[in-house]
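Numbering (full-length UniProt numbering), first residue to last: 1 to 130. For reference, the structure discussed in these notes is given below.
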Amino acid sequence: RNGRINEANELVEQVVKLFVQPSSFTYTVLISGFVKTGMIERGCQYLDKMLEDGLSPNAVLYTSLIGHFLKKGDFKFSFTLFGLMGENEIKHDHVAYITLLSGLWRAMARKRKKRQAFVEPGKEKLLLCA
Numbered sequence: 001r002n003g004r005i006n007e008a009n010e011l012v013e014q015v016v017k018l019f020v021q022p023s024s025f026t027y028t029v030l031i032s033g034f035v036k037t038g039m040i041e042r043g044c045q046y047l048d049k050m051l052e053d054g055l056s057p058n059a060v061l062y063t064s065l066i067g068h069f070l071k072k073g074d075f076k077f078s079f080t081l082f083g084l085m086g087e088n089e090i091k092h093d094h095v096a097y098i099t100l101l102s103g104l105w106r107a108m109a110r111k112r113k114k115r116q117a118f119v120e121p122g123k124e125k126l127l128l129c130a
């Protein structure tokens with residue numbers, strides 16, 4: 001959260017050099033951190049490495065990714081991730097549902113705000129054909 005994802009990455013790489021496999025928690029923190037800082041490719045590389053190491057993403061990671069992609073407006077991929085949770089037998093918990101619903105709610109609010117730009121103040125009619 002405090003912008004030290006690169007330091008965390010270096011630390012994990014040093015640990016790996018000592019032949020210690022990172023845990024699911026470590027991968028989750030790194031992947032979420034990279035994705036949130038816009039380094040999506042790097043996050044995907046760690047996701048691939050996580051899977052290669054025989055570890056599965058957990059609900060925390062899926063929910064974090066769903067929230068990120070909803071904020072970016074990528075609803076299709078967010079719902080794909082939500083579906084993958086079920087396919088991989090990861091229970092949709094209340095946090096996953098809240099993340100999905102709040103992301104959709106924010107998107108609707110943004111659309112409503114854009115639509116209001118076409119509404120004449122004090123009137124409820126749209127001025128599209130006036």
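We put the CB at the ideal spot given by N, CA and C, even for glycine.
Coarse secondary structure for residue i, derived from DSSP in three states
| i | result |
| --- | --- |
| Gln21 | coil |
| Lys71 | helix |
| Leu47 | helix |
| Met85 | helix |
| His92 | coil |
| Gly33 | helix |
CA-to-CA distance, residue j to residue i, given in whole angstroms
| i | j | result |
| --- | --- | --- |
| Asn6 | Ser78 | 26 Å |
| Lys113 | Gly83 | 30 Å |
| Gly67 | Tyr97 | 10 Å |
Outcome for residue i when other beta-carbon atoms lying within 10 angstroms are tallied against a minimum of 16
| i | result |
| --- | --- |
| Val29 | buried |
| Phe108 | First, the residue type needs correcting, since residue 108 is Met and not Phe in the sequence shown. Met108 comes out exposed. |
| Val15 | exposed |
| Thr99 | buried |
| Ser32 | buried |
Closest Cα partner of residue i within the set the options
| i | options | result |
| --- | --- | --- |
| Lys91 | Leu104, Thr63, Glu10 | Thr63 |
I'd like to know if the region 73 to 84 and the region 37 to 46 are in contact, where contact means that at least 3 CB-CB pairs between them fall below 8 Å. The region 37 to 46 and the region 73 to 84 do not touch, with fewer than three beta-carbon pairs separated by less than 8 Å.
Report yes or no: do three or more beta-carbon pairs, one from the region 11 to 20 and one from the region 51 to 67, lie closer than 8 Å? No, the region 11 to 20 does not touch the region 51 to 67.
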